[in-house]
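Engineer:
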Amino acid sequence: MSTTSVGNWLTSREMDAWRAYIEVQGDLINAIERDLASQGLTLGDYQVLVYLSEAEEQSMRMCDLADILQLSPSGLTRRLDRLVADGYVSRQSSPADRRVMMGSLTATGRELLERTAPHHVDSVRRRVFDHLDADQVAAMASIFTSIANGLAASEAEAVDNAG
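With our numbering applied, the sequence shown covers 64 to 226.
1) Alpha carbon to alpha carbon, how far is Y151 from R162? Give it in angstroms, no decimals.
2) Tell me the rounded alpha-carbon separation between D198 and S205.
3) Taking R154 as the reference, which of D160, G172, M165 has the closest Cα?
4) State whether the stretch 104-120 contacts the stretch 175-185, with contact taken as three or more CB pairs (one from each stretch) at a distance under 8 Å.
5) On the DSSP bridge assignment, give the partners of V152 in chain order.
6) Could you tell me whether the Cβ atoms of S186 and I85 are closer together than 7 Å?
7) Report the option in L168, S116, H183, D223 whose CA atom is closest to the CA atom of T105.
8) How many angstroms separate the CA atom of R124 from the CA atom of S209?
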């Protein structure tokens with residue numbers, strides 16, 4: 064990995080890879096969104112249900128859920144409004160600290176997730192993994208891990224420089 068200065072243009076190969084990523088990323092998200100729409104969910108809704116289902120007691124502090132989803136508190140509120148209205152998620156004060164709001168997966172939300180998950184997994188498999196061999200899957204995991212680590216390091220550096 065190298066550090067570049069502003070104005071250091073991408074090589075032809077880097078540009079091809081970047082453009083392929085941008086085009087595929089948009090198309091893939093749109094396809095996954097269409098597939099989830101047939102189950103009555105958006106990808107954002109599905110993520111909320113998954114994260115809550117994996118949390119201890121299927122409940123999380125709202126601020127933690129917002130952080131995981133990379134949403135502002137108001138963005139999370141908007142995302143949850145329909146899920147709460149439809150009975151898939153509940154919001155309540157924390158029993159340990161009434162100032163803290165919790166989001167919890169309801170039994171109805173759990174049932175929806177259990178019905179939807181096989182369709183979502185099939186969609187991801189058909190749209191991504193059926194087109195890759197084992198080496199490509201390993202490379203994909205490695206590539207995105209490297210990018211995530213680089214983003215985290217850049218963010219930490221920006222916070223350090225700001226403070």
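All C-beta atoms, glycine included, are put in the ideal place defined by N, C-alpha and C.
Being a predicted model, the structure only gives us computed values, none of them experimental.
Structural biologist: According to the data block:
1) 23 Å
2) 10 Å
3) M165
4) Touching, yes, given that three or more Cβ pairs across the two stretches are closer than 8 Å.
5) Beta-bridge analysis with DSSP links V152 to L168.
6) no
7) H183
8) 29 Å
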